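Please read the structure below before turning to the comments.
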Amino acid sequence: MPEATPELDAARETFGRRAESPLVSIILPTWNRAGVLRTAVESVQRQTYARWELLIVDDGSTDDTEPVARSLAARDERVRYIGLDHGGVSRARNQGLAAARGEYVAFLDSDKEWAPEFLRTMLAVLVVEGHQVGFAACEVTMGGQPVLRAVAPTRESLRIGNSVDQTAIVAVRGILDEVGGFDESLRRAVDYDLVLKLSTAAEMHQVPFVGVRYSEADSDPRRISEFESKAWNFHVGDRQAWREFEFEAEPAPSLDEDLVTVILDDVADVSEAAAFITGMLAGSPSCRVEFLLTPRTHDAALLAQCRALELSDAEVRVLPAGLRGDRPSYVNAALRQARGAQTLLIDAGTGPEMQSGGMDELRAALDGAAAVHPVVLGRTLLIEDVGVVYPRHGRDPVPLLAGMPPTILQQEQRIPIPGAPFPLLAWTRDLLAVRGLSTQLAGLWADVDLSQKLARAVERPVRTLSSVAVRAERHGWAGRGTRHPDDVRTFAELWPTPPRGSEEALAAVGVEALYSQYTAQSFPADASRWTQATWVPSGAVRITERPQQLRWAIRTGAPASREAANWGDFHYANSLADALRRLGQQVHVDYQENALRGTTDFEDVVLNLRGLRDVPVPANATSLLWVISHPEQVSAKELETYDLRYAASTSWARTVGEQWGVAVEPLMQCTDARRFHLDDELIPELESRALMVGNSRRQYRPAAWHAAHAGVPLSIWGKDWESVVPEGVIAGRTLPNEELRRYYASARWVLNDHWPQMRDEGFLSNRIFDVLAAGGRLVTDDVVGLEEVFGDRLAVFTAPRELLQILDRDPEELYPQQAREELSAMVREQHSFDARACRLVEDVRRLRAARQTEQMVTHDD
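Per the numbering used here: the sequence shown = residues 1 to 861.
In structure tokens form, the structure reads like this:
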């Protein structure tokens, strides 16, 4: 695309002769992008059009973004810095828009750059030709090759996807206010949503030149495109289609009370679809039925075969599929075409075949229900599902009675259930009111979500009708599978608390459920490991809630071998287990080899002491995560898997809570007060020496390294120090854990330092608590949050010189006897495993009681 044309040159020349130049406000949101922010700002400062203001909106960054942005603003009065708490990119852009003073507005991202002529060219065309919104072409480097993004949007093309980059847009301020700015409920596809809204309010004028250049090679995990589901793009497009439908259908569309619409989606085998239509009509003698077919693909041959069915005696309409393959959007498009008062949604891809009953029975059962679901049988005529139920302490929908013979059901039974997959019969007006399927889900459980949405919206139950059965040859696109692992997380967000009714459903069919395996969030791409159930007759197993004594499994990364005694996690897990047992709990410690043991569903509570490894979460247990080390390996998706989340750092818990929107409670590491306490039996030979206990991992440990090389009398116990410090200071490889308190209490000084990531993120070592509880004279590096816990009562160094100055002092000056006794008492009372166990048991009981109350309320209803 040429940089200049006669038309563009003429517009620039005319614009340049104007007496007044309009102010353009540039809004640049950023979050933890200090490394690329300067480049983006410099691309603004290189603009040949000078009358602009740049608003850098910092969305709560925790890196060096603020000082970088403030330094840029200090050097150019046209640059302004706006600091916010973390609230998302849309909120940041809206705050920037509210502060903007310009007549025109442009948007720039911190990882993109404008061509020097961008503003001048865009304003020239908009002002001279009188357009409200204009956009330039973009050159995007993908896989090392430049790709031009320069497709003019139309109403039809925008239904497929977005072709306009937000950073290439310049618009009149008033039009942005008119469309309401940015939707803060969206976590992705924000630019797509803005373009859709602008395109309905004004002409999107394409300015024919390349104004923006950027690379898609950035794989920063904090980028929205790396973290959020791609289904958000489908959601934005579908939402716009609903807006247009509701505007055009005002007042509500007229529906035929004597007609039932059947949406037969994902048609791949036309002969199967024809057979289903014939069977459905045979079971619907008292009502008219229309069929809306959506083919699986946009293949011309398949579309022609489907349209041949329009020539049959049945009322058939075919709605062509699009290019994207997002089935929920296709179903919703068909739903907006429905003419019947009731609509049956069914997945043709399963190869459905009416086995018993028909439409008349389903319609009769819909009276007083949100939706009605038939019994679904598999190809071997065993039950695939009778709806879904949920574990009492789980969040995964489990197909009710899967694998059971259909004779377990009573005839003419209407079974209340929390939710159900396809097929679903519901009132068309209710389906339209909830806007059909949630397109935030690309596929998995979209049908279950719809049934639950309906029940919540109309406050009526979902029912399964036992007298109507449909046989399915295959699993459908919304069933369990591995195609859409992002949907696992999205479904959990849509339903953080599963709908009520599982106990009632089980009672209605006369069974109890024994749940096993793991939550889907533990293995989002491996459906074979998701929650499963074994069905047993009611009364065969007594399942009770134990309000006092619970079965706990503590997961640790330590190995199940003799080497485990050398792992701090081993002692930590077992000390916590002992404290929980003192509170009457049943506790088992699982070592790393047992993370996938087959009996894991036996526990009521699973606590992951998160160090180097993540572990899966059992299907029906209350799950706890306690991050005690290696926070850099923990992701938002992992945190979301757990019911309760803790971190041994106040600052890290606060930061990730703000940035990821996941509640994390600070819970410091602690000491075993029964093992670490004041002891008069000292070791005389240590009274004049500093002590370091810990492994070097052949890395730089500043406390030991500088003390050893400065000639400080020092004894080191630990592994892998031989090549790091002089041999004379190495006292041994291991110390018995039960002897540590005597060593800590006897040494002139006890040295401690943290791995850099732990120090920077505020994770206090448990050695701090052990040494102080034993009455030791601690010398430690400074850690974020240390003063918050201990005030100024500790000997803390931030540099080697400070360390050596402390070691040269009389320990009694910093740690007199009374101070050590007070610190020991404080740590043993407030930071012991017993104190932590009390907190964990209290939190777990509160959560389980709340869930039990929900079940009781449901039963009363």
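Where a beta carbon is used, it is the ideal one built from N, C-alpha and C, also for glycine. Just so you know, these numbers come straight off a predicted model, no measurement behind them.
Is it buried or exposed for residue i, if we count other Cβ within 10 angstroms and need 16 for buried?
i: residue 646; result: buried
i: residue 596; result: exposed
i: residue 584; result: exposed
i: residue 72; result: buried
i: residue 700; result: exposed
i: residue 226; result: With a pLDDT of only 49 at residue 226, under the threshold of 50, the placement of this residue in the model should not be trusted; the figure read from the coordinates follows. Burial call: exposed.
i: residue 260; result: buried
i: residue 877; result: Since the first and last residues shown for the chain are 1 and 861, residue 877 lies out of range.
i: residue 160; result: exposed
i: residue 373; result: buried
i: residue 254; result: exposed
i: residue 725; result: buried
i: residue 850; result: exposed
i: residue 848; result: buried
i: residue 612; result: exposed
i: residue 638; result: buried
i: residue 775; result: buried
i: residue 582; result: exposed
Compute the distance between the beta-carbons of residue i and residue j, then report whether it is under 9 Å.
i: residue 68; j: residue 38; result: yes
i: residue 405; j: residue 478; result: no
i: residue 11; j: residue 55; result: no
i: residue 675; j: residue 741; result: yes
i: residue 303; j: residue 262; result: no
i: residue 642; j: residue 691; result: no
i: residue 466; j: residue 449; result: no
i: residue 398; j: residue 507; result: no
i: residue 575; j: residue 672; result: yes
i: residue 153; j: residue 276; result: no
i: residue 134; j: residue 207; result: yes
i: residue 33; j: residue 62; result: no
i: residue 820; j: residue 579; result: no
i: residue 714; j: residue 729; result: yes
i: residue 707; j: residue 644; result: no
i: residue 577; j: residue 558; result: no
i: residue 539; j: residue 504; result: no
i: residue 175; j: residue 132; result: yes
Thinking residue i and residue j are a contact (beta carbons under 8 Å), I'd like their distance in whole angstroms, please.
i: residue 266; j: residue 349; result: 4 Å
i: residue 746; j: residue 687; result: 6 Å
i: residue 669; j: residue 823; result: Not quite, the Cβ-Cβ distance comes to about 16 Å (not below 8 Å), so this is no contact.
i: residue 460; j: residue 338; result: About 20 Å; that fails the 8 Å criterion.
i: residue 553; j: residue 606; result: 5 Å
i: residue 347; j: residue 443; result: Incorrect: roughly 11 Å between the Cβ atoms, too far for contact.
i: residue 636; j: residue 660; result: 4 Å
i: residue 116; j: residue 51; result: So it is not a contact: roughly 15 Å between Cβ atoms.
i: residue 151; j: residue 22; result: About 28 Å separates the two Cβ atoms, so there is no contact after all.
i: residue 550; j: residue 469; result: Going by Cβ atoms, the distance from residue 550 to residue 469 rounds to 41 Å, so no, they are not a contact pair.
Let me check understanding here. Comparing Cα to Cα, which of the options lies closest to residue i?
i: residue 561; options: 570, 554, 445; result: 570
i: residue 510; options: 401, 490, 186; result: 401
i: residue 375; options: 367, 588, 357; result: 357
i: residue 827; options: 396, 125, 769; result: 769
i: residue 721; options: 650, 736, 695, 739; result: 695
i: residue 811; options: 795, 58, 204, 802; result: 795
i: residue 317; options: 306, 567, 472; result: 306
i: residue 502; options: 432, 517, 395; result: 395
i: residue 288; options: 329, 363, 331, 352; result: 363
i: residue 548; options: 841, 473, 537; result: 841
i: residue 937; options: 148, 145, 211, 156; result: In this structure the chain extends from 1 to 861, so residue 937 is not present and cannot be described.
i: residue 408; options: 430, 837, 535; result: 535
i: residue 384; options: 815, 616, 283, 474; result: 474
- Message: Under 8 Å: do the segment 755 to 763 and the segment 621 to 638 share three or more Cβ pairs, one atom per stretch?
- Response: yes
- Query: Does the segment 184 to 195 come close enough to the segment 226 to 241 to have 3 or more Cβ pairs within less than 8 Å?
  - Reply: yes
- Item | Contact the segment 162 to 172 vs the segment 132 to 147: 3+ CB pairs below 8 Å | yes
Requested in this report: Specify whether the segment 235 to 254 and the segment 268 to 284 touch according to this definition: at least 3 beta carbon pairs, one from each stretch, less than 8 Å apart.
Outcome: no
| message | If contact is defined by three or more beta carbon pairs under 8 Å, each pair taking one atom from either stretch, is the segment 120 to 135 in contact with the segment 70 to 90? | response | no
- Message: Within 8 Å, do at least three Cβ pairs link the segment 169 to 188 to the segment 140 to 151?
- Response: no
With contact counted as at least three CB pairs below 8 Å, one residue from each stretch, are the segment 15 to 29 and the segment 105 to 116 in contact? yes
So, does the segment 480 to 491 touch the segment 518 to 525, judging by three or more C-beta pairs under 8 Å? yes
On the three-pair Cβ rule with 8 Å, is the segment 381 to 392 touching the segment 411 to 421?
yes
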